[in-house]
């Protein structure tokens with residue numbers, strides 16, 4: 004190591020040679036000794052050479068560490084920024100809560116970035132400067148005006164016209180650090196509040212600016228204090244020594260180590276300026292632990308404890324961090340608030356005594372709360388499932404070292420508000436269901452995915468009921484049979500053949516037995532264990548999730564074709580093309596279901612679901628974009644017809660209980676899924692701008708005692724309610740026409756009276772979509788969705804016509 | 005080669021922008037019925053239809069059924085929007101303006117990124133997808149260009165102004181991909197919609 008730093012040699016020799024001179028000066032000159040002198044001298048020279056060599060070695064180590072890649076910087080992961088614009092559907096309270104989440108401070112003036120102030124009905128915000136993936140946005144003071152529906156105007160307070168839109172700096176949601184690794188955010192000495200270095204010197208090392216790296220005075224002072232107290236109450240280590248300890252040494256408390264530490268501190272002090280050493284210390288010092296992640300440096304600690312950048316800290320907050328240097332665990336403000344508070348106030352007193360905190364500021368700061376956020380937003384333990392997904396999407400494109408060492412900036416699609424509410428809804432929803440249904444507490448598990456539909460952005464991802472726990476990521480890894488969630492895929496496959504199927508094609512729901520290749524017989528059954536006749540309109544069979552008719556339909560269109568559709572929609576697995584696939588005998592993770600349903604929701608356009616939109620270097624140079632990619636996967640007409648039925652599922656079918664929670668005016672589409680023995684409860688559904696997939700079940704794969712409607716749908720409706728959903732816009736594609744029909748299955752029954760009734764009035768007709776050119780033969784407006792009825796009616800009409808013709812003949816005969 | 009494609013794409017994008025501004029002179033409140041002539045099937049149907057283009061009989065209330073009328077296409081409805089300015093919020097307009105400037109300066113990556121930002125605000129605005137199609141064309145991604153243009157058609161409803169430009173973009177995309185037959189089909193579609201646009205504007 005020393006050989007790599009030749010320049011170190013001359014300087015390194017200086018220290019031992021000083022010592023050598025001193026020692027020699029003190030020796031008496033006697034005959035015997037004089038004779039021994041050459042040997043002593045030789046021995047001494049040997050010793051000096053060893054010490055010198057060691058010093059050279061140490062010096063190399065000191066310099067290497069200090070000047071080389073001093074720290075590895077974990078990649079920083081950001082949520083999607085909030086776009087502020089006139090027309091944004093977010094109240095003042097909503098924006099304030101978003102600001103608070105990002106550590107913005109309510110203040111009486113907004114002359115500093117990171118502050119906001121309510122001014123009458125308006126809200127002044129001083130937005131922080133931020134380097135986005137597409138360039139810098141300077142800090143800006145704006146005034147947000149509000150009306151009944153949300154943001155009405157954005158006026159820049161530095162003058163000028165109203166702004167069309169401006170982004171808030173994004174919430175940093177985590178880091179990609181190595182397992183059991185250090186995490187930090189680098190700060191520069193000249194960019195931080197001067198109170199921090201001043202306070203640090205005052206509290207930790209008063210002589211910092213004057214000593215040579217070690218301070219005999221402090222050691223003495225500490226020794227006296229310790230002797231008086233009878234235990235170690237004070238350390239004599241200088242800031243330089245502490246840095247050396249953190250940087251280069253392990254935690255062994257031996258004399259040799261102490262000596263080495265002192266020697267290295269001297270070397271460090273000789274080579275580097277005081278500001279350089281202080282800056283290194285600010286970035287190196289250990290300030291807390293977050294699971295496997297060690298919080299290093301004041302830059303990260305500021306976010307970890309206060310969720311805001313260091314430059315925005317107030318005196319009480321600075322004092323707390325300085326106070327914690329002595330023992331980050333002992334003085335942990337989250338676990339030991341009283342202890343932390345006492346030490347903080349002691350530190351504030353020292354600030355005050357030293358003269359850089361005035362009387363008023365001192366009084367205010369002493370009274371202030373600790374101000375730490377309940378949960379650390381920088382903690383990866385806040386969104387572990389989502390960060391896990393980010394890691395996986397980066398994997399293969401970046402080496403692990405790129406992600407944990409180079410300080411990359413990763414801009415994701417996460418919506419912190421939707422993520423927070425989804426976590427809360429999952430957690431509370433499961434507890435409510437367990438309570439209401441007498442299910443053992445904490446036995447249910449769940450996973451949820453929320454996307455933006457268009458663009459395929461993942462807005463929220465929950466991997467379990469305890470979202471903060473970085474365990475099994477069920478959203479990505481819990482592969483369970485999807486049950487009836489497959490049915491829309493079966494119907495889509497059928498409806499893509501308009502010459503054979505329309506939404507009112509009668510399906511046979513009678514008992515079914517299929518001889519399998521292995522000799523077994525597959526006998527599916529309906530949930531109700533009964534058949535619904537041999538002429539169930541196609542739309543009705545899906546709306547009410549009938550198994551027998553669906554299985555028969557799937558066999559009719561061909562299971563391999565269903566598999567084909569599944570793949571077109573975005574499923575990457577290779578399921579067995581067996582008859583039971585028609586009822587969902589294929590295992591999928593919620594994320595995979597979300598991909599498939601997202602294609603349905605986006606009108607048949609496949610977009611790979613994305614968690615990341617951009618990656619830049621630490622200073623903002625673009626590295627990787629993940630641009631929007633779309634592919635026309637399936638024709639829009641059959642997708643439209645399928646979605647039309649899925650809207651009926653939501654209105655009248657197995658999903659109808661969603662409207663106990665969601666407003667009636669909202670047009671949504673979805674499908675329930677339930678598997679054998681009620682093991683898995685699924686719901687997947689969407690509006691125009693939100694799609695959510697929810698799974699509820701048990702990790703041990705025992706029965707959850709829940710159907711899709713009693714379990715997952717309960718969570719789904721509430722997640723959706725909080726996610727700012729827009730209803731589906733009913734824009735049929737060109738080649739779809741509608742015919743008003745009276746949907747009367749199952750009550751039609753073919754009774755003559757009904758036939759007369761609908762001939763007389765066409766109330767309650769529903770516009771039923773058909774592919775142009777494929778409206779079933781003989782179908783007229785106001786007909787029924789029961790084809791048998793229509794046929795009967797047609798026969799009857801013909802009969803009447805014939806009768807009247809006969810009558811005519813008869814009259815003719817009379818009047819002839 | 006790449007430069008040429010870029011220039012061609014840029015020209016296309018500008019053409020789109022210009023077209024949407026100058027197709028028309030006059031507004032009328034009537035909207036001619038659109039039949040299968042001006043809405044040809046983009047792809048041939050596999051199976052022979054039993055009753056091609058059969059419309060069911062008219063029954064009650066004098067309401068015509070089975071015609072290709074779209075919601076918002078009734079005779080007394082206003083014209084469909086022909087430019088982004090008519091339907092976009094100020095926020096989206098400002099992003100579109102920024103994207104146009106970026107595209108004119110050849111910065112297609114950022115133009116695309118800015119358009120995606122606009123799409124986050126208005127995910128079903130056909131004009132954003134249309135511009136994305138133009139940018140993808142300039143980026144030498146004809147497949148994506150066509151997909152974006154088709155998506156624009158699909159979210160735009162039956163808007164001949166939007167569709168004429170989209171089919172023009174699709175024609176260029178197919179030409180760039182070496183599919184000349186497909187390109188002329190698309191060009192024919194574009195012509196059809198241009199004709200409808202002109203009728204509408206008279």
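Residue numbers (the working numbering), protein chains in the order written: chain A, 4 to 819; chain B, 5 to 206. Glycine included, every Cβ here is placed at the ideal spot set by N, Cα and C.
Rounded separation between residue i and residue j - CA only
i                      : j                      : result
residue 358 of chain A : residue 97 of chain A  : 41 Å
residue 475 of chain A : residue 394 of chain A : 15 Å
residue 195 of chain A : residue 279 of chain A : 14 Å
residue 658 of chain A : residue 691 of chain A : 17 Å
residue 94 of chain B  : residue 529 of chain A : 53 Å
residue 405 of chain A : residue 433 of chain A : 39 Å
residue 83 of chain B  : residue 96 of chain B  : 21 Å
residue 375 of chain A : residue 102 of chain A : 15 Å
residue 753 of chain A : residue 534 of chain A : Here the model assigns residue 753 of chain A a pLDDT of 46, short of 50, so the residue's position is not dependable, and the following value carries that caveat. Straight-line Cα distance between these residues: approximately 18 Å.
residue 821 of chain A : residue 153 of chain A : The requested residue 821 of chain A is not part of the displayed model; chain A covers only 4 to 819.
residue 173 of chain A : residue 719 of chain A : 27 Å
residue 552 of chain A : residue 514 of chain A : 9 Å
residue 742 of chain A : residue 665 of chain A : 29 Å
residue 298 of chain A : residue 283 of chain A : 15 Å
residue 332 of chain A : residue 480 of chain A : 35 Å
residue 6 of chain A   : residue 56 of chain A  : Per-residue confidence for residue 6 of chain A stands at a pLDDT of 38, beneath the threshold of 50, marking its modelled position as unreliable; no derived number is given.
residue 180 of chain B : residue 146 of chain B : 6 Å
residue 631 of chain A : residue 117 of chain B : 9 Å
residue 288 of chain A : residue 470 of chain A : 30 Å
residue 685 of chain A : residue 715 of chain A : 5 Å
residue 207 of chain B : residue 204 of chain B : Because chain B in this structure spans residues 5 to 206, residue 207 of chain B falls outside the shown range and cannot be described.
residue 290 of chain A : residue 330 of chain A : 8 Å
residue 451 of chain A : residue 772 of chain A : 32 Å
residue 207 of chain B : residue 728 of chain A : Chain B is shown from 5 up to 206; residue 207 of chain B falls before or after that span and cannot be answered.
Counted within 10 angstroms of its Cβ, other Cβ atoms place residue i as buried (16 or more) or exposed
i                      : result
residue 286 of chain A : buried
residue 363 of chain A : exposed
residue 39 of chain B  : Low confidence applies here, because residue 39 of chain B scores a pLDDT of 33, under 50, leaving its location unreliable and the question unanswered by this model.
residue 211 of chain A : buried
residue 39 of chain A  : exposed
residue 213 of chain A : exposed
residue 231 of chain A : exposed
residue 112 of chain A : exposed
residue 311 of chain A : buried
residue 70 of chain A  : exposed
Sequence-distant residues of its chain with Cβ nearer than 7 Å to residue i (five each side left out)
i                      : result
residue 459 of chain A : 601, 610, 611, 612 and 613
residue 738 of chain A : 640, 774 and 775
residue 448 of chain A : 467, 468, 477, 700, 701 and 702
residue 247 of chain A : 264, 267, 268 and 271
residue 3 of chain A   : The structure shown has nothing for residue 3 of chain A, since chain A only spans 4 to 819.
residue 156 of chain B : 130, 133, 134, 137, 166 and 170
residue 167 of chain A : 88
Per DSSP, the bridge partner or partners of residue i
i                      : result
residue 293 of chain A : A:296
residue 175 of chain A : A:81
residue 740 of chain A : A:773
residue 398 of chain A : A:401
Min CB distance residue i to chain C below 8 Å
i                      : result
residue 507 of chain A : You won't find chain C in this structure, because its protein chains are A and B.
Cβ neighbours of residue i in the same chain (closer than 6 Å, five flanking residues each side left out)
i                      : result
residue 78 of chain A  : 179, 406, 411 and 413
residue 579 of chain A : none
residue 543 of chain A : 748
| said: Under 8 Å: do the region 408-427 of chain A and the region 75-90 of chain A share three or more Cβ pairs, one atom per stretch? | reply: Contact between the region 408-427 of chain A and the region 75-90 of chain A is present, because at least three Cβ pairs lie under 8 Å.
| task | Pair every Cβ in the region 157-165 of chain B with every Cβ in the region 479-493 of chain A, then say whether three or more of these pairs are closer than 8 Å. | result | Counting C-beta pairs with one atom in each stretch, the region 157-165 of chain B and the region 479-493 of chain A have fewer than three that are closer than 8 Å, which means they do not touch.
| said: Quick check: the region 616-632 of chain A against the region 719-737 of chain A, are at least 3 beta-carbon pairs closer than 8 Å? | reply: No: the two stretches stay apart, fewer than three of their Cβ pairs being nearer than 8 Å.
| Taking one C-beta from the region 61-70 of chain A and one from the region 135-148 of chain A each time, how about it: are there three or more such pairs within less than 8 Å? | Counting Cβ pairs under 8 Å, fewer than three are found: no touch.
| With a cut-off of 8 Å, do at least 3 Cβ pairs link the region 433-444 of chain A to the region 343-357 of chain A? | Taking 8 Å as the limit for Cβ pairs, the verdict is that the region 343-357 of chain A does not touch the region 433-444 of chain A.
| Does the region 154-162 of chain A touch the region 587-602 of chain A, meaning 3 or more C-beta pairs lie closer than 8 Å? | Result no; under three Cβ-Cβ pairs closer than 8 Å.
| said: Whether or not the region 131-138 of chain A and the region 42-56 of chain A are in contact is what I'm after, with contact meaning three or more pairs of Cβ atoms, one per stretch, closer than 8 Å; do they touch? | reply: The region 42-56 of chain A, when compared against the region 131-138 of chain A, does not touch it at the 8 Å Cβ threshold.
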